Amino acid sequence: MEIRIEKNQQPKVKPDPSSLGFGQLFTDHMFVMDYEEGKGWFDPRIVPYGSVPLEPSVMVLHYGQATFEGLKAYKTADGHVQLFRPYSNMERMNVSNDRLCIPRLDVDFAVEAIKKLVEIDQDWIPAAEGTSLYIRPFVFACDPYLGVRPSHKYYFMIIMSPVGAYYPEGIDPVKIYVEEEYVRAVKGGMGFTKTPGNYAASIKAQVVAHEKGYTQVLWLDGVEKKYVEEVGTMNVFFKIGGVVVTPALEGSILAGITRDSTIKLLKHWGIPVEERRLSIQEVYDAHAQGKLEEAFGTGTAAVISPIGELNFAGRVISINDGKIGPVSAKIYDTITGIQYGTVEDIFGWTVKVK
Ligand code: COI
3 MEIRIEKNQQ PKVKPDPSSL GFGQLFTDHM FVMDYEEGKG WFDPRIVPYG
53 SVPLEPSVMV LHYGQATFEG LKAYKTADGH VQLFRPYSNM ERMNVSNDRL
103 CIPRLDVDFA VEAIKKLVEI DQDWIPAAEG TSLYIRPFVF ACDPYLGVRP
153 SHKYYFMIIM SPVGAYYPEG IDPVKIYVEE EYVRAVKGGM GFTKTPGNYA
203 ASIKAQVVAH EKGYTQVLWL DGVEKKYVEE VGTMNVFFKI GGVVVTPALE
253 GSILAGITRD STIKLLKHWG IPVEERRLSI QEVYDAHAQG KLEEAFGTGT
303 AAVISPIGEL NFAGRVISIN DGKIGPVSAK IYDTITGIQY GTVEDIFGWT
353 VKVK
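Numbering follows this note's numbering, in which position 336 of the sequence shown is assigned residue number 338; successive positions increment by one, without gaps.
The structure is reproduced here in structure tokens:
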């Protein structure tokens, strides 16, 4: 399929790269493609960024049938533009789409669409350290219908935003509140997908944690409220007695791409890593025994975010004296180094746009 291109005749002024937050500004263009039952995906186009006409009855507004992804484009020191593991994102989007009865996308075509859009808006990729162009592909149900069933019409869109750090702390450790009242997901639900409902379900706990002075919540499993699952917008890792432990993918947590990259790097370095069930009690016991060496979150938006403090049922513990640990720092330096082209990409994770 040929992508039709309509250039924006009124490009915006680019922001100051030193003052970028996360997800507030959008580039000059966006990608749009339609789906209709019986016709499939059609009319891929890159058009000026702007509003989309939607009837108030469109299904996504009522039943939340939608999925999304998040990935980034980077400007390398030698002037190239590259993406980090875009095929993994679009494959994961199809996993989410299957769960939500949304038609699959052709992964190669979707990555081509991302590359084309990034190429057109490449001047929006900020060059300052720690900045990048965040890419948000998303699909949503746009059938004007109020019955509950899979939509017969969808939009696949891609928008992009120049970003700095996701958390105001940047690479400084964050304080995390262990959530005991609310749960995010259960096995058999949608916890493994990237769908808006998972994030809607998380907002209440996040608001309460913010009020208590914490950046994010650490979710426990939805049944026993005993086992660690994930942190807000990230997967989570704990280094206990020399072994890095992260919750196994058992259906209720997201299969993070930074999580997968972290596991592959640890294995490559010969650092023991385990994907298994991990109770919050084990984390606290390890701390009491002086064995809890590091904790950190991983995610596309946040990259690596060290955890400096946990609060579980009023018991506050400090991890590595509230400082970033050596393994967290090495993973951060290596992943960002590969992304910005200063560390050799031995895994073949990067995809050149130009
Ligand atoms: C990402 O890390 O890309 C995410 O999707 C998190 C987002 C909800 C901010």
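Where a beta carbon is used, it is the ideal one built from N, C-alpha and C, also for glycine. Predicted, not measured: the structure shown is a model, and the values here were computed from it.
On the premise that residue j lies in contact with residue i, defined as a C-beta separation below 8 angstroms, what is that separation, rounded to the nearest angstrom?
i, j, result
"M162", "I137", "5 angstroms"
"K155", "Y37", "6 angstroms"
"P146", "V60", "6 angstroms"
"D110", "K16", "About 31 angstroms; that fails the 8 angstroms criterion."
"G72", "T302", "5 angstroms"
"A304", "T235", "6 angstroms"
"M293", "G324", "Inspection of the sequence shows that residue 293 is occupied by Lys rather than by Met. K293 to G324, Cβ: 17 angstroms. No contact."
"V230", "L280", "5 angstroms"
"E121", "V275", "Going by Cβ atoms, the distance from E121 to V275 rounds to 36 angstroms, so no, they are not a contact pair."
"F349", "I255", "The Cβ separation is near 23 angstroms, so there is no contact."
"G310", "P175", "3 angstroms"
"K118", "I48", "6 angstroms"
"K206", "Y179", "The pair is not a contact, with the Cβ atoms about 13 angstroms apart (cut-off 8 angstroms)."
Quick one: is residue i buried, meaning 16 or more other Cβ sit within 10 Å of its Cβ, or exposed?
i, result
"K228", "exposed"
"A112", "buried"
"W271", "exposed"
"E181", "buried"
"Q67", "buried"
"H31", "buried"
"C144", "buried"
"Q84", "buried"
"H82", "exposed"
"Q208", "buried"
"R87", "buried"
"G343", "buried"
"L148", "exposed"
"S204", "buried"
"P164", "buried"
"A187", "buried"
"L56", "exposed"
"D150", "According to the sequence as given, residue 150 is Val; it is not Asp. Counting Cβ neighbours within 10 Å, V150 comes out exposed, since fewer than 16 surround it."
"V318", "exposed"
"Q341", "buried"
"H212", "exposed"
"F44", "exposed"
Let me check understanding here. Comparing Cα to Cα, which of the options lies closest to residue i?
i, options, result
"S98", "Q84, D110 and T69", "T69"
"S153", "E39, S20 and Y168", "E39"
"K189", "M3, D145 and G253", "G253"
"V353", "L63, M32, E114 and L102", "E114"
"A2", "K41, P19, T29 and P58", "What is shown of the chain runs 3 to 356, which leaves residue 2 out entirely."
"V141", "N96, R279 and G191", "N96"
"L320", "E296, I306 and I337", "Checking the displayed sequence, the identity of residue 320 turns out to be Ser instead of Leu. When only C-alpha atoms are compared, the closest one is E296."
"V245", "P308, Y201, A315 and R278", "R278"
"P50", "T29, H212 and F44", "T29"
"S307", "I265, F349, G215 and K177", "K177"
"N237", "V219, H64 and E213", "V219"
"A267", "V165, T344, W43 and V329", "Before going further, note that residue 267 is Leu rather than Ala in the sequence given. Here the closest residue by C-alpha is V329."
"R6", "T217, V34, I127 and G149", "V34"
"A315", "H212, Q291, K9 and Q283", "Q283"
"Q226", "Y184, F194 and K206", "Just to set this straight, residue 226 is Glu in the shown sequence, not Gln. Out of Y184, F194 and K206, Y184 has the C-alpha closest to the C-alpha of E226."
"G25", "E8, K74 and H212", "K74"
"F240", "Y157, H212, D174 and I326", "I326"
"G191", "Y286, D100 and E8", "D100"
"C103", "I173, K41, Y65 and F349", "Y65"
"W351", "S263, G224 and M3", "S263"
"L107", "L27, G132, Y157 and N10", "Y157"
"E4", "L251, P46 and N10", "P46"
"I127", "P139, L22 and V210", "L22"
"I173", "A250, K9, K332 and K269", "K332"
"A290", "A202, Q12 and N322", "N322"
Check the Cβ-Cβ distances between residue i and every residue of chain C, and say whether any is below 7 angstroms.
i, result
"V247", "No chain C is present in this structure, which holds just one protein chain."
Flag this pair as touching only if the stretch 246–260 and the stretch 81–95 have three or more C-beta atom pairs under 8 angstroms; answer yes or no.
Taking a cut-off of 8 angstroms for Cβ pairs, the stretch 246–260 and the stretch 81–95 touch, as three or more such pairs fall below it.
Tell me whether the stretch 194–213 and the stretch 330–347 touch, counting them as touching only if at least three CB pairs, one residue from each stretch, are closer than 8 angstroms.
These segments do not touch.
Examine the Cβ distances between the stretch 166–174 and the stretch 72–86 and report whether three or more of them are shorter than 8 angstroms.
Contact between the stretch 166–174 and the stretch 72–86 is not established, with fewer than three Cβ pairs separated by less than 8 angstroms.
For ligand 1, list every residue whose C-beta falls under 5 angstroms from any of its heavy atoms, going in chain order.
Cβ atoms closer than 5 angstroms to ligand 1 belong to G72, T235, G301, T302 and A303.
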